[in-house]
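The sequence shown begins at 775 in our numbering and counts up by one.
In what follows, a single structure is set out as structure tokens and then discussed.
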Amino acid sequence: MNFVAMDFETASGKRDSACSLALTIVRNSQVVDEFYTLIKPETEFFWRNIQIHGIHEADVADAPKFPEVWQHIEPFFQRDRLVIAHNAPFDTGVLRQTLAHYGISAPEYLSMDTVKTSKKFYPELPNHKLDTMCRALNIDLEHHHNALDDSLACANILLAEAANFGPERLKPFVRVQG
């Protein structure tokens, strides 16, 4: 399988307040690269978000704004590329709203939500949160709500599902974004 797992953390409840982003790149069912960056949002941080991910305004004071980050990651968001996320509506919404905030056109790319695949393949679990899935599949999740750890965990969930159920059974979950 070839895909990119994406995870955003936000400074507030606003979808255009990305303060960190991670991408885990998978080629031939192997993690081959990772990308992580803090992002300086154009909004104030909300205490609840800080409590969840531990990123403060001071941490992003010298971080790039999203357009600079986008220059580096845009090639991963192409019509024929699969980008996955655990709770993809959140992460794709953050991407879409952040791009719109800066007047950047949203690309068309393929998307898959590992919450949906997890609900299909593991209906017996009490919930399908990232940490629950990692425990059930024996996947290491060192720092939940650290974007890099979360994107790697998401990638490993999809790899486990492909190994256990076959990649063909995952195809119905692919959606076009953009």
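Note that CB positions come from ideal geometry on N, CA and C, so glycine has one too.
In the three-state reduction of the DSSP assignment, residue 804 falls in the strand class.
Bridge pairing for residue 798: 779, 808 [DSSP].
DSSP lists 951 as the bridge partner or partners of residue 883. Rounded to the nearest whole angstrom, the C-alpha separation of residue 857 and residue 933 is 13 Å. Between the stretch 812 to 831 and the stretch 790 to 797, the count of Cβ pairs shorter than 8 Å is three or higher; the stretches touch.
The beta carbon of residue 790 lies closer than 6 Å to those of 871, 872, 875 in the same chain, with the five residues before and after it left out. Nearest neighbour of residue 835 by Cα position, chosen from 915, 924, 785, turns out to be 785.
When the beta-carbon positions are compared, residue 881 and residue 851 come within less than 8 Å of each other.
Each residue's CA atom was taken as its position, placing residue 948 and residue 895 some 15 Å apart. One thing to note: residue 831 has its Cβ no nearer than 8 Å to the Cβ of residue 919.
Per the coordinates, the alpha-carbon of residue 884 lies some 33 Å from the alpha-carbon of residue 821. For residue 832, the three-state secondary structure derived from DSSP is helix. In this chain, the beta strand (DSSP E) harbouring residue 858 covers 856 to 859. Judged by their CB atoms, residue 799 and residue 844 are not nearer to each other than the 8 Å cut-off.
The residue among 927, 923, 922 with its C-alpha nearest the C-alpha of residue 912 is 927.
The beta carbons of residue 781 and residue 921 sit about 4 Å from each other, so the pair counts as a contact at 8 Å. Of the other Cβ atoms in all chains shown, 16 or more fall within 10 Å of the Cβ of residue 827; this residue is therefore buried.
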